[in-house]
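Residue numbers for the sequence shown follow the numbering used here, beginning at 1 and rising by one. Glycine is no exception: its CB is placed at the ideal position from the N, C-alpha and C atoms. As the structure is a prediction and not an experimental result, all values here were calculated from the model. Here's the structure we're looking at; comments come further down.
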Amino acid sequence: TADQIENLEVLGYVMSGSRHRRMNAVRIRKENQVYSAEEKRALAMYNFEEKANRESMLVGELREMLERRQKAIASAVGDGATLSDKFESIGEQKKFI
């Protein structure tokens with residue numbers, strides 16, 4: 001009967017049904033550990049990509065701000081040429097003798 005089985009399990013005996021239940025519980029815990037490791041990797045990759053996107057947007061905004069500032073400085077100086085215009089290469093190389 002169920003009471004006898006329970007008394008025997010309390011004493012330390014393991015019935016085959018209980019062993020099956022325990023093995024399933026262990027297997028499910030192991031599967032959950034594997035899934036959580038895969039989920040952690042996926043989450044880390046997602047966070048990395050999001051951070052890279054935010055940084056590239058920030059770099060783009062900073063470039064635009066620098067270009068606006070350079071144009072404002074160039075117009076205040078009066079020549080209208082930005083620093084990149086002043087130092088732009090025309091493709092010629094001069095030889096030093």
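Can you give the beta carbon distance from residue i to residue j, rounded, assuming they're within the 8 Å contact cut?
i, j, result
"methionine 15", "isoleucine 28", "About 20 Å separates the two Cβ atoms, so there is no contact after all."
Would you identify the three-state DSSP class for residue i, choosing helix, strand or coil?
i, result
"valine 104", "A question about residue 104 goes unanswered here, because the residues of the chain that appear run from 1 up to 97."
"valine 26", "helix"
"methionine 65", "helix"
"glutamate 88", "coil"
"valine 77", "helix"
"valine 34", "helix"
"methionine 15", "coil"
Start and end of the alpha helix (DSSP H) containing residue i?
i, result
"glutamate 9", "2–11"
Regarding residue i and the ligand ZN, is the C-beta to nearest heavy atom distance less than 8 Å?
i, result
"threonine 1", "Only the bare structure without any ligand can be found here, which leaves the ligand ZN out of the picture."
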